[in-house]
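Numbering (our numbering), first residue to last: 51 to 172. Every residue gets a Cβ at the ideal spot worked out from N, C-alpha and C, and that includes glycine.
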Amino acid sequence: MFDFRKLHVWQQGFDVTLAVYRITRGFPKEELFGLTSQMRRAAASVPHNLAEGCGRESPAELLRFLVIAMGSASELESQALLAQGLDYLSAAEFETLSADIVRLRKMLSAYYTTIKGRTEGQ
């Protein structure tokens with residue numbers, strides 16, 4: 051068990067979540083319970099699952115929550131593509147958000163590999 055707030059990957063996930071909340075404020079009101087809600091939940095799922103995994107007793111449990119976080123990041127990337135296709139995001143907003151999500155996914159994958167390597171070495 052350790053402080054999740056010290057993880058760079060958690061910080062990146064938290065920053066992406068804040069960005070998604072800001073960006074989706076401009077989405078059409080009819081999307082409030084649709085794409086807006088879905089994107090916010092997928093984004094928030096990443097740092098929340100990292101935090102929960104860090105609070106567990108075993109590396110195997112952390113890995114399980116990391117897999118969930120990775121899936122949520124992929125889901126968010128797909129939702130961002132949909133938002134762009136629906137013209138809810140400007141080109142600049144999409145490029146920035148997409149780059150941040152890709153960076154987050156790479157960080158999650160690297161962290162997963164690190165933890166998995168440690169558990170296999172025990």
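Mind checking which residues open and close the alpha helix (DSSP H) that includes residue 109?
Residue 109 -> alpha helix (DSSP H) spans 109-135.
Tell me where the alpha helix (DSSP H) around residue 80 begins and ends.
Note, residue 80: premise wrong, no alpha helix (DSSP H); not H, not E.
Going by Cα to Cα distance, which pick from 148, 159, 98, 113 is closest to residue 129?
Nearest option by C-alpha distance: 148.
For residue 106, which of helix, strand or coil comes out of DSSP?
Residue state, collapsed to three classes: coil.
Do you know whose CA, among 143, 154, 169, lies nearest residue 76's CA?
Of the listed residues, the one whose Cα sits closest to residue 76 is 143.
Going by other Cβ atoms of all chains shown within 10 Å of its Cβ, with 16 needed for buried, is residue 78 buried or exposed?
That one is exposed.
Count the other C-beta atoms from every protein chain shown that fall within 10 angstroms of the C-beta of residue 98, then say buried if there are 16 or more, exposed otherwise.
By the 10 Å Cβ count, residue 98 comes out buried.
Just tell me which of 161, 168, 74 has its CA closest to the CA of residue 117.
It is 161 whose Cα lies nearest to the Cα of residue 117.
Please work out which residues of its chain come closer than 8 angstroms, Cβ to Cβ, to residue 52, disregarding the five sequence neighbours upstream and downstream, and give them in chain order.
So the qualifying residues of the chain are 104.
What are the boundary residues of the alpha helix (DSSP H) that residue 150 is part of?
Residue 150 -> alpha helix (DSSP H) spans 141-170.
Counting Cβ pairs closer than 8 angstroms, one from the segment 131-142 and one from the segment 108-123, do we hit at least three?
Because the criterion of three Cβ pairs below 8 angstroms is not met, the segment 131-142 and the segment 108-123 do not touch.
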